[in-house]
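Heads up: the structure comes next, in structure tokens.
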Amino acid sequence: MLLEVDDLHVEFRTRDGVARVLNGVSYHVSAGETVAVLGESGSGKSVTAQAIMGILDTPPAFVTRGSVRFHGEELLSASPERRRAVRADGVAMIFQDALSALNPVFTVGFQIEEQLRVRRGMSRADARARAIELLDLVRIPAARQRVREYPHQFSGGMRQRAMIAMALALDPEVLIADEPTTALDVTVQAQIMDLLAEVRRERRMGLVLITHDLGVVAEVADRIVVMYAGRIVEQADAVSLFGSPGHPYTAALMRSRPRLDAKGTALETIRGLPPSLLRIPPGCPFHPRCPRAEAVCVSHVPPDVRLGFGRTSACHFAEEVVGG
Amino acid sequence: MTDHLASLAPEPPDLPARLDHPVRPDRPRGLFGDAWHALRRRPLFWISVSLILLVLLMAAFPGLFAPGDPDAADLSRSRGAPSAHAWFGYDNQGYDIYTRVVHGARASVVVGILSTTGVILLGASVGVVAGFYGGWLDAVVSRIADVFVGVPFVLGAIVILTTLNAGGDAGPVRIVAQVVLSISVLSWPVAMRIMRSTAIAAKQQDYVKAARALGASSARIIGKHMLPNTIAPVLVYSTIALGAFIGAEATLSYLGIGLRQPVVSWGVMINSAKDYLRVAPHALLFPAGFLTATVLAFVMLGDAVREALDPKLR
Amino acid sequence: MGRYVLRRLLQVVPVFLGTTFLIYVLVWAVPGDPFEGKCGERDCPASYVSMMRERFNLDDPLLLQYWKYLVNLVQGDFGVTSSGVQVLDRIAATFPVTLRLALVALLVEAVIGITAGVVSGLRDRGFLDSLVLVSTLFLISIPVFVTGYVVQLVFGLQLGWIAPTVTTPTFGNLIVPGFVLASLSMAYVARLSRASIAENRRADYVRTALAKGLPARRIVGVHLLRNSLIPVITFLGTDLGTFLGGAIVTEGIFNVPGVGGLVFRSILTKDGAMVTGVVTVLVLVYLLMTLLVDLLYAVLDPRIRYD
Chain A
1216 MLLEVDDLHV EFRTRDGVAR VLNGVSYHVS AGETVAVLGE SGSGKSVTAQ
1266 AIMGILDTPP AFVTRGSVRF HGEELLSASP ERRRAVRADG VAMIFQDALS
1316 ALNPVFTVGF QIEEQLRVRR GMSRADARAR AIELLDLVRI PAARQRVREY
1366 PHQFSGGMRQ RAMIAMALAL DPEVLIADEP TTALDVTVQA QIMDLLAEVR
1416 RERRMGLVLI THDLGVVAEV ADRIVVMYAG RIVEQADAVS LFGSPGHPYT
1466 AALMRSRPRL DAKGTALETI RGLPPSLLRI PPGCPFHPRC PRAEAVCVSH
1516 VPPDVRLGFG RTSACHFAEE VVGG
Chain B
42 MTDHLASLAP EPPDLPARLD HPVRPDRPRG LFGDAWHALR RRPLFWISVS
92 LILLVLLMAA FPGLFAPGDP DAADLSRSRG APSAHAWFGY DNQGYDIYTR
142 VVHGARASVV VGILSTTGVI LLGASVGVVA GFYGGWLDAV VSRIADVFVG
192 VPFVLGAIVI LTTLNAGGDA GPVRIVAQVV LSISVLSWPV AMRIMRSTAI
242 AAKQQDYVKA ARALGASSAR IIGKHMLPNT IAPVLVYSTI ALGAFIGAEA
292 TLSYLGIGLR QPVVSWGVMI NSAKDYLRVA PHALLFPAGF LTATVLAFVM
342 LGDAVREALD PKLR
Chain C
83 MGRYVLRRLL QVVPVFLGTT FLIYVLVWAV PGDPFEGKCG ERDCPASYVS
133 MMRERFNLDD PLLLQYWKYL VNLVQGDFGV TSSGVQVLDR IAATFPVTLR
183 LALVALLVEA VIGITAGVVS GLRDRGFLDS LVLVSTLFLI SIPVFVTGYV
233 VQLVFGLQLG WIAPTVTTPT FGNLIVPGFV LASLSMAYVA RLSRASIAEN
283 RRADYVRTAL AKGLPARRIV GVHLLRNSLI PVITFLGTDL GTFLGGAIVT
333 EGIFNVPGVG GLVFRSILTK DGAMVTGVVT VLVLVYLLMT LLVDLLYAVL
383 DPRIRYD
């Protein structure tokens, strides 16, 4: 295992109260595997990633419990210098909107090269050559000219590729992609996902793919982690998750997908809204919206029920749900 | 200088008219409700409001504060220092400074209010229309505004007022009117630009397009949909501008081209005191102090209102 | 980029024409006797009146008058005062002093304003932040001439630390008037820097730079500053233009022999030709400065360049 997150708890202390954003999140990534983190807005998937990278805004965010280990080394209690050393070199991250994530006043080349110059001590010429190589790698045509251009001169898909190139500059072992295709057209989405898969394969990287898009997940993921209200409600390999979901939330998500063969019928939704993180419901956080909820769901926080090898579900009735 | 202060006004809002707090369990408030709630809590708000009310009271009823006659000069007391009898002392001509400072509030405040009204009426209306209709109307208006902006305030005022003053002695009404006119003429482009950019931003909003699609007339769209949402930046601007214009009047009077005898204002007092600064500094410091405090109060208020109305800070 | 420059240049022409026409009309074409009050307290000598009538074509229709005035302007003829002095000569003698004063003020404003703004923008609502906010509010509210007199009074006349007026306008002597001139703008620069930094701090590209493992010094010094200072630098450029045209008050208080002082004395002595000439030059300079600032903005922000 390259990267391990163990029982991570994060709170946001605001003027209106304390929001419990992460409530015991645990997952791991190994070399060469793709783990998808699936969840709605507010489920905590991005916060987990930022906590791993150590780039949470503190205050108002505070890590109150848990551990993040890279190659077995505990990061949360490491020195700021050590944490910074791991960023981009051990674990790299790319973000959703490449236009705002890239600095508008510097060329794309500059933004790739600065890491090489500042952190690897490369000369200007060497860094420039390497930057061109990287742009080639992510299949940006005319890389030699493009390297001198600014982010706003690229199209959306190319910008995202440039960001990927930037993230790969220091040869990281794990890449966290936070909703990399959400802001892109469907056709471009497919290209980017293919690129990520190829890169991961060639470099034997671990890839953490954060998304809310079931379609993307189905294509690419080895394992899937489903998050809700700052908790992991289900972890399983992709085939099992889609074939027989083990948690009511996952099941509801699957059911809510529009299907071509269901023409003429009403779309299924999950009634209600995700809870405010300032006031998470007692017991199972999903119980107000769950079709199977019973008294025990309100009084007791569900345990992580083992449904098979590497498969868990945080539901009192997990076995029944899996059964169908 | 008015441009600096006016630039403290906010960018046009790019949010819908109402902002609700999903977190608060009680009734959702509109933008102004939120703003008022935020304002209420700030001590700076209350300080500036009390100061302003005090000055306005002074301007409206000077007799309440200083029963004496501002034009009564007693040369024998010339340059007298402050004492129990005359709290601020006497100036070079023997005028009681305290009485004149209190009475001077009126002219300064009147010029400020009239100039602001003129600028808002002229600038805001032209700005809204230019922003809403766009096209050649907008282009023409913008170029005209550029011409006026190209003239630095003090210089423009000098040219206008020296020309107007060349006609010989004028009565107090004409003196005040001239100053108000020159300030308004030179400052309207700033108000125009603020309203124009707000109108342009508002025009893109979906609720305006929806109103259009429903067949609402242009007048109705401007009046009912756009104006209420463009009020916020204009409100902030006019508060700060009021302060700036009071300062501008003082500057013009100091230069000798603004208000002058028989009109009394803080600027006039500073102008007459400047040549005797070495021997009678109090004659300049007291009106200067009142002037600064008043401008400060308006600027503080405008700043507090702007922060309260700014959705980004919440 | 070339298109942008061309567009801006083209915009300057109608504005310049409009402004100079406006000034011309105000001075010479107001109904009534155009020479009223233009020669000081006494009436203009008949020889001056007829000479000016001929030179300024005052008997011609308005637009023709203006056209001929423009033609003269372009050839460098700004007119003559009633005492026979070439307006342009006087301007050329006094302009360098004002330029020096403006540069000093700009330096003061930039150094103090940006430092205060950046430092308070980087910290969150601390004591320093409140201090900067309150003091800038204060500085913005005090009219320049009040600051000038107070400084002159307290530091010059009472404490004797500085000379109350400027005898020779060297850079050193101009520091105090420069400081007074810059006082209002300095506060504004501080606020602008602070707001810009505070806003950019939360930008996505800062988060990306952090995720790249760059040292904090570099993130702030290179990434944050480069973006945040764009509006500040363009403002500084405009301010230089404003200083050149607006130092009248400061020069008056400290007796600086610059263009502002020239205009000031011309007002007092009611010398119309001098006033028009100087105002026209200053407006021209201001327009040029705003043009330069717009070009500077395009240099600093690549997004504007490739529009």
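Protein chains in written order, with my numbering: chain A, 1216 to 1539; chain B, 42 to 355; chain C, 83 to 389. In this text, a Cβ means the ideal position worked out from N, Cα and C, and glycines have one as well.
Per DSSP, the continuous alpha helix (DSSP H) segment holding H144(B) begins and ends at I138 to V160. Here K294(C) is buried: its Cβ has 16 or more other Cβ atoms, across all protein chains shown, within 10 Å. Under the 10 Å beta carbon count, V160(B) is surrounded by 16 or more other beta carbons and is classified as buried.
A direct Cα-Cα distance of roughly 6 angstroms separates S89(B) from L342(B).
Sixteen is the threshold: when 16 or more other Cβ atoms of the shown chains lie within 10 Å of the Cβ of K1260(A), as they do, the residue is buried. Along the segment 1365–1376 of chain A, going in chain order, the ones with a CB nearer than 8 angstroms to a CB of chain C are Y1365, H1367 and Q1368. The way I'd put it, the segment 330–340 of chain C does touch the segment 234–253 of chain C; three or more beta-carbon pairs between them come closer than 8 angstroms. Pairwise C-beta distances place the segment 1392–1399 of chain A in contact with the segment 1369–1379 of chain A, as three or more of them are shorter than 8 angstroms. Under the three-pair Cβ rule at 8 angstroms, the segment 187–206 of chain C counts as touching the segment 262–277 of chain C. Residue ranges of uninterrupted alpha helix (DSSP H) with 4 or more members, entirely inside the segment 142–205 of chain C and ordered along the chain, are 144–156 and 169–204.
Annotated three-state conformation of T1426(A) is strand, per DSSP.
Between V1252(A) and A1266(A), the C-beta gap is not smaller than 7 angstroms, which leaves the two residues out of contact. When secondary structure is reduced to three states using DSSP, H305(C) falls in the helix class.
Within 10 angstroms of the beta-carbon of W87(B) lie fewer than 16 other beta-carbons, which makes it exposed. Here L241(C) is not near R182(C), since their CB atoms are 7 angstroms or more apart. Counting along the chain, the unbroken alpha helix (DSSP H) around A1264(A) starts and ends at K1260 to M1268. Relative to the Cα of A113(B), the nearest Cα in the group Y139(B), F102(B) and A242(B) belongs to Y139(B). With contacts defined as CB atoms closer than 7 angstroms, S223(C) and V340(B) qualify as a contacting pair. Here A1303(A) is not near F1310(A), since their CB atoms are 7 angstroms or more apart. Taking a cut-off of 8 angstroms for Cβ pairs, the segment 1318–1330 of chain A and the segment 294–306 of chain C touch, as three or more such pairs fall below it. Comparing C-alpha distances from S1455(A) to each of A1412(A), V1440(A) and G1247(A) shows the shortest one belongs to V1440(A). Restricted to the segment 1427–1487 of chain A, the beta strand (DSSP E) segments that are unbroken, complete and at least 3 residues in length are 1438–1443 and 1446–1452, listed in chain order.
Residue-level contact check: R205(C) does not touch chain A, since none of the beta carbons of chain A fall below 7 angstroms from its beta carbon.
The Cβ neighbour count for D206(C), taken over all protein chains shown within 10 Å, is under 16; the residue is labelled exposed. Contact annotation: in the segment 1471–1496 of chain A, no residue has its CB less than 8 angstroms from a CB in chain C.
Taking all protein chains in view, the Cβ of S306(B) is crowded by 16 or more other Cβ atoms within 10 Å, so the residue is classified as buried. Judged by DSSP secondary structure, H1224(A) falls within the beta strand (DSSP E) whose first and last residues are L1218 to T1229.
Boundaries of the alpha helix (DSSP H) harbouring T290(C): D286 to A293, taken from the DSSP string. A residue is called buried once 16 or more other Cβ atoms fall within 10 Å of its Cβ, and G1430(A), having fewer, is exposed.
In this structure, the CA atom of R82(B) is about 11 angstroms from the CA atom of D75(B). Ranked by Cα distance from T1229(A), the first of E1255(A), P1490(A), V1353(A) and P1274(A) is P1274(A). With distances taken between CA atoms, L293(B) lies nearest to S149(B) out of S149(B), G212(B) and H266(B). Nearest to I312(C) by alpha-carbon distance, out of S275(C), L210(C) and F98(C), is S275(C).
Runs of alpha helix (DSSP H) with 4 or more residues, each lying fully within the segment 213–291 of chain B, are found at 213–244 and 247–254, listed in chain order. In this structure, DSSP gives A1529(A) a state outside helix and strand, which the three-state scheme calls coil. Secondary structure note for I1391(A): its beta strand (DSSP E) is the uninterrupted segment V1389 to D1393.
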